[in-house]
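Structure, as structure tokens:
Protein chains in written order, with UniProt numbering: chain A, 1 to 205; chain B, 1 to 527.
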């Protein structure tokens, strides 16, 4: 009995190790994230999933920067006010960014569906109403293309709820100075557990 | 390439073509004194100017001194060549495959023409008669025309120069080049430096040069000397390269009767567009800019330039026509979706910038996006409209919406020089860029602690401490602020005098506001 347990224990430890290593390396169908966010998403964003992001626009830009830095195309839908300069500061490659600023609710699903075919990540404002049928059709398209959709608002059955908010600004005083930097708190709520990371703005590569 | 047996050449020379062309294009009468100048020197002048003492090589000021009523024009080689084009076409009516030596001088092969007209003499006379007829009736200008027939271009040109108005035809018999050239000065076959040297050595005529052994001339005077010796012995290039007329690119679709249905117009344009694309491909050209002209029934033109970063295919051309017609329809604001305000008589597409396809061959790591991405975005644009799918870049500027440049997908983005990003732009916002830049500024109110609106006067004095920010969605307490930062923009055009403020509120949002007197606008938000 004694002789049996020792190899079993080592074997279990080995398997455990293997499992952990497997979990840490990015999976094949995942979307890469910005180096500052690897702590939050060790395996990257899940391909074929929809994330719901609330709060800060900088958080959306941080998410866009990941696949863009890796050389993929990204799409932004329904955001006419996107700060292109800030996106470039985060590391988003503007020559690989397609913008669809105005979109009618009737076209929403089809536009997203055709964008996810060619881009790794699409950031979009959701329509006011979306039928469950359209949701499942969109999910099927996402799964086949392996790209990720980040919705700025609520989404039924999102893979994780993300929140970005600025917790601190520096450099500005009463009547003088100018903003020189800040701190962005990025929170991820997945399976009722919340983890967060603080990012410095502007990001330093 | 120079050989012993040059081709038999018939050469047409119009003496003083530069002046004639200038008179033709500028509409100056024959008795006026004209001088064409290049970099301060006279390069050609009319007979009237010559009588007054103006010569080639004179400074403009000296020429004007000798002839005060002299008309001085810059020497425009392109216009000269363009004016020569009808003469070339007239020559081609008689003898095909014209070789243009330079504007004013054209050459054709004499052999075929001689056979056809029964002798070189007859052919040359036929050509002269035809051209005299043409210049009198078409150009309405007495043009002095000389024709020479000889072995090789060089001899023919020299022969033409020795002809006169009385005997405008000079034929040098085959194999007689060396004898004819022997009496000419060496300057005609070499440049100034070599001419000077040969003159000082006592070699004054081409006949003297031919007497010398060729290999020694080559050894002493180099390639220029060798070439002069060859030309002097009557050796010249064995071929003439006929000019190539570029194919006529572009498409023109006429509607008879005129129509106002977009779909119908597009359907009519489709075959022409595919022909246009095929013609481009066949000529191995690519087109990156087209001008679409829509002619409307009550005599109106609607013209627009369209650019494409890579190249126009037939479907891209059709898309541009459709978008232009749709713009026309929105301008006319008709109730019917598919019809335009006016009937379309014709649609014309002309290529504006054309380049060789080989210059645009994709490298191993082409900067052109993936074909799949290109196709998907173009399809999306086709469905949603030209300016629905955009790409962006950052440009220089003081106001943030000027720094964001968005262009429709497929349109060329401004170049690095046009963006002027590296210029200093005093008054630009320091620090990190805001993540939200409002495309349309909304009005807000900034109040002091007492609830009075904060104003900024012309000298940049703020009336009170900003304490409250009143947005559409509610009040926010201002925690920190800085400003006013004046934006001195185009003050010479009496533009608005704006002051920029940066502030953070109690909800940890930071704002950029623009103050114009007592009106405040949101420019951007840091979030």
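Using N, Cα and C, we set each Cβ at its ideal position, and we do this for glycine too.
Computed from a predicted structure; not experimentally measured.
| Check | Outcome |
| --- | --- |
| Quick one: list the residues of chain A neighbouring residue 504/B, beta-carbon separation under 7 Å, in chain order. | 169, 172 |
| DSSP has residue 499/B in a bridge; who is on the other side? | 486/B, 515/B |
| Name, going along the chain, the residues of the stretch 106-125 of chain A whose beta-carbon falls closer than 9 Å to a beta-carbon of chain B. | 107, 110, 111, 114, 115, 117, 118, 119 |
| Consider the Cβ of residue 341/B: report whether some Cβ of chain A lies at a distance smaller than 8 Å. | no |
| Would you please verify whether the beta carbon of residue 438/B is less than 8 Å from any beta carbon of chain A? | yes |
| So, is the C-beta of residue 527/B closer than 8 Å to a C-beta in chain A? | yes |
| Can you list, in chain order, the residues of the stretch 413-440 of chain B whose Cβ is nearer than 7 Å to any Cβ on chain A? | 430, 431, 432, 433, 434, 435, 436, 437, 438, 439 |
| List the residues of chain A that residue 510/B touches, going by C-beta distances under 8 Å, in chain order. | 166, 169, 172, 179, 182 |
| So what's residue 208/A in DSSP terms, helix, strand or just coil? | For residue 208/A there is no data in the structure shown, the boundaries of chain A being 1 and 205. |
| Quick check on the DSSP output: the beta strand (DSSP E) that includes residue 84/B runs from which residue to which? | Element bounds for residue 84/B: not the beta strand (DSSP E) but the alpha helix (DSSP H), 77-94. |
| Got a sec, what are the start and stop residues for the alpha helix (DSSP H) residue 408/B sits in? | Where residue 408/B is concerned, there is no enclosing alpha helix (DSSP H), although the beta strand (DSSP E) it sits in stretches over 404-408. |
| If I follow the unbroken beta strand (DSSP E) through residue 288/B, where does it start and stop? | 285-296 |
| Please confirm whether residue 81/A and residue 438/B have their CB atoms less than 8 Å apart. | yes |
| I need the DSSP call for residue 108/A, collapsed to helix, strand or coil. | helix |
| In the DSSP output, what is residue 61/A paired with across the bridge? | Per DSSP, none; premise fails for residue 61/A. |
| Residue 87/B to residue 140/B, Cα distance in whole Å? | 13 Å |
| At least one CB of chain B closer than 8 Å to the CB of residue 131/A: is that the case? | no |
| Quick check: what's the CA-CA separation for residue 141/A versus residue 48/A? | 8 Å |
| At a Cβ cut of 7 Å, what residues of the stretch 52-67 of chain A count as close to chain B, listed as they run along the chain? | 56, 57, 58, 61 |
| Cβ of residue 78/A less than 8 Å from any chain B Cβ? | no |
| How would you label residue 355/B, buried or exposed, when you count the other beta carbons within 10 angstroms and need 16 or more for buried? | exposed |
| At a Cβ threshold of 8 Å, is residue 398/B touching chain A? | no |
| Quick one, which of 93/A, 78/A, 62/A has its alpha-carbon nearest residue 105/A's? | 78/A |
| Does the beta carbon of residue 379/B come closer than 8 Å to any beta carbon on chain A? | yes |
| Can you list, in chain order, the residues of its chain with a C-beta nearer than 8 Å to that of residue 467/B? Leave out the 5 residues immediately preceding and following it. | 447, 448, 449, 477, 478 |
| Which residues of chain B have a Cβ atom closer than 8 Å to the Cβ of residue 89/A, listed in chain order? | 432, 433 |
| For residue 303/B, list the residues DSSP reports as bridge partners. | 293/B |
| Can you tell me the Cα-Cα spacing of residue 302/B and residue 377/B, whole angstroms? | 27 Å |
| Between the stretch 384-397 of chain B and chain A, which residues of the former have CB atoms less than 8 Å from a CB of the latter, in chain order? | 384, 388, 389, 390, 391, 392, 393, 394 |
| Among residues of its own chain, excluding the 5 on either side of residue 170/B, which ones have a beta-carbon nearer than 7 Å to its beta-carbon? | 148, 159, 160, 162, 163 |
| Indicate whether at least one CB of chain B lies closer than 8 Å to the CB of residue 94/A. | yes |
| Does residue 152/A get closer than 8 Å to chain B when you measure Cβ to Cβ? | no |
| Select from 37/B, 227/B, 46/B, 292/B the residue whose C-alpha is nearest the C-alpha of residue 251/B. | 292/B |
| Cβ atoms of residue 33/B and residue 73/B: under 8 Å apart, would you say? | no |
| Would you say residue 25/A reaches chain B, if we count a Cβ-Cβ gap shorter than 8 Å as a contact? | With a pLDDT of only 45 at residue 25/A, under 50, the local geometry of the prediction cannot be trusted, and the value read off the model is given with reservation. Chain B, which has no Cβ nearer than 8 Å to the Cβ of residue 25/A, makes this no. |
| Are there three or more Cβ pairs, one per stretch, closer than 8 Å when the stretch 112-129 of chain A is compared with the stretch 406-422 of chain B? | no |
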